[in-house]
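Undergrad:
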Amino acid sequence: GARMNAGAHGSDFSEIVVSAEALSWNGDYVRLDHDALKFEYRTSIIGEYVCATEMTFSLTPDDAEAVDARTKEYYYQRLGSQPLALPSAGCVFRNPSVGAAGKIIDELGLKGLSVGGARVSEKHANYMVGSDGATARDVIELIGLVKRLVKERMGTELELEIKIIEAE
Numbered sequence: 055g056a057r058m059n060a061g062a063h064g065s066d067f068s069e070i071v072v073s074a075e076a077l078s079w080n081g082d083y084v085r086l087d088h089d090a091l092k093f094e095y096r097t098s099i100i101g102e103y104v105c106a107t108e109m110t111f112s113l114t115p116d117d118a119e120a121v122d123a124r125t126k127e128y129y130y131q132r133l134g135s136q137p138l139a140l141p142s143a144g145c146v147f148r149n150p151s152v153g154a155a156g157k158i159i160d161e162l163g164l165k166g167l168s169v170g171g172a173r174v175s176e177k178h179a180n181y182m183v184g185s186d187g188a189t190a191r192d193v194i195e196l197i198g199l200v201k202r203l204v205k206e207r208m209g210t211e212l213e214l215e216i217k218i219i220e221a222e
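If you want it as C-alpha cells, here you go:
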C-alpha cells in the first residue's frame, strides 16, 4: 500500500503515514519521515527500496458503528462496480491527466477484448480478468494491446499502476 500510495474514496496512504523503515538494496535499514517518503499519485520513494519493514501511522478514533457503516458502504460500492468475483490484479493503469483510465478504455469499446484466457472486464475496463486457463503471458499481452490501442486511437500513453515482475 505505501509503496504505491494506495488510495480510494478520496484519500490515500500519505494521509496517515508518519514514518517508515525500509530495507535498502545494500542491506541497510533506512528510517524515512513523512516528507522523505515523497508521496505522489500512486507512488512513493518506497519503490526504490527492497521493501518497507515497518510503518508508523497516525489514526483517528471513530465510533465503531460509523466505521462499520462506511466499510459496508465501500464494500457494496466496489461489489457493484468492480469484478471482485474474478481473478485480477486490481486496476492495471494509472489515471492519465485526460481522465480515468477505465473510462477511456470503455469509451474505445475495449470491454471484453481478450487475449487467450485474459480479457478486459465488462464491469470495469481498467481490470484485466482471467478465466480458466489464463496465463500471465495472456495478461501481459492484453495489457500491451490495450496500451497500444489507446495510444493509436487517442494519443494517450497509459502507464501501469501495477508492477509486473518477470522471472529470469
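Each residue of the sequence shown is one higher than the one before, starting from 55 at the first, in our numbering.
Cβ coordinates follow ideal geometry from the N, Cα and C atoms, glycine included.
1. Could you check whether the region 153 to 162 touches the region 104 to 124, counting it as contact only if at least three pairs of C-beta atoms, one from each stretch, sit closer than 8 angstroms?
2. Identify whether Phe67 lies in helix, strand or coil by the three-state DSSP scheme.
3. When you compare the region 194 to 206 with the region 170 to 183, are there three or more beta-carbon pairs, one atom per stretch, that lie closer than 8 angstroms?
4. On the DSSP bridge assignment, give the partners of Cys105 in chain order.
5. Cβ atoms of Met109 and Ala74: under 8 angstroms apart, would you say?
6. If distances are taken between C-alpha atoms only, which option among Ala56, Asp186 and Glu127 comes closest to Tyr95?
7. State the start and end residues of the unbroken beta strand (DSSP E) segment that holds Met58.
8. Asn180 and Val146 - do their beta-carbons sit closer together than 8 angstroms?
9. Nearest CA to the CA of Asp66: which residue from Glu102, Phe111, Ala90 and Leu77?
10. State the Cα-Cα distance for the pair Leu91 and Cys105, rounded to the nearest angstrom.
11. Using a 10 Å radius around the Cβ and a threshold of 16 neighbouring Cβ atoms, would you call Tyr54 buried or exposed?
12. Does the distance from the C-beta atom of Thr210 to that of Val152 stay below 8 angstroms?
13. Considering only C-alpha positions, which residue in the set Arg207, Glu215 and Thr114 is nearest to Ser98?
14. Quick one: what does DSSP say Gly198 is sitting in, helix, strand or coil?
15. Bridge partners of Ser168, per DSSP?
16. Go ahead and pull the three-state DSSP assignment for Gly209.
17. Judging by CA-CA distance, which residue of Arg202, Arg207, Ala62 and Trp79 is the nearest neighbour of Gln131?
TA: Quick look at the numbers:
1. no
2. Reduced to three states, the DSSP call for Phe67 is helix.
3. yes
4. Leu77
5. yes
6. Ala56
7. From DSSP, Met58 is part of no beta strand (DSSP E); its letter is neither H nor E.
8. yes
9. Considering only alpha carbons, the answer is Phe111.
10. 13 angstroms
11. Here the chain covers residues 55 to 222 and nothing more, so residue 54 does not appear.
12. Yes.
13. Glu215
14. helix
15. Arg173
16. coil
17. Ala62
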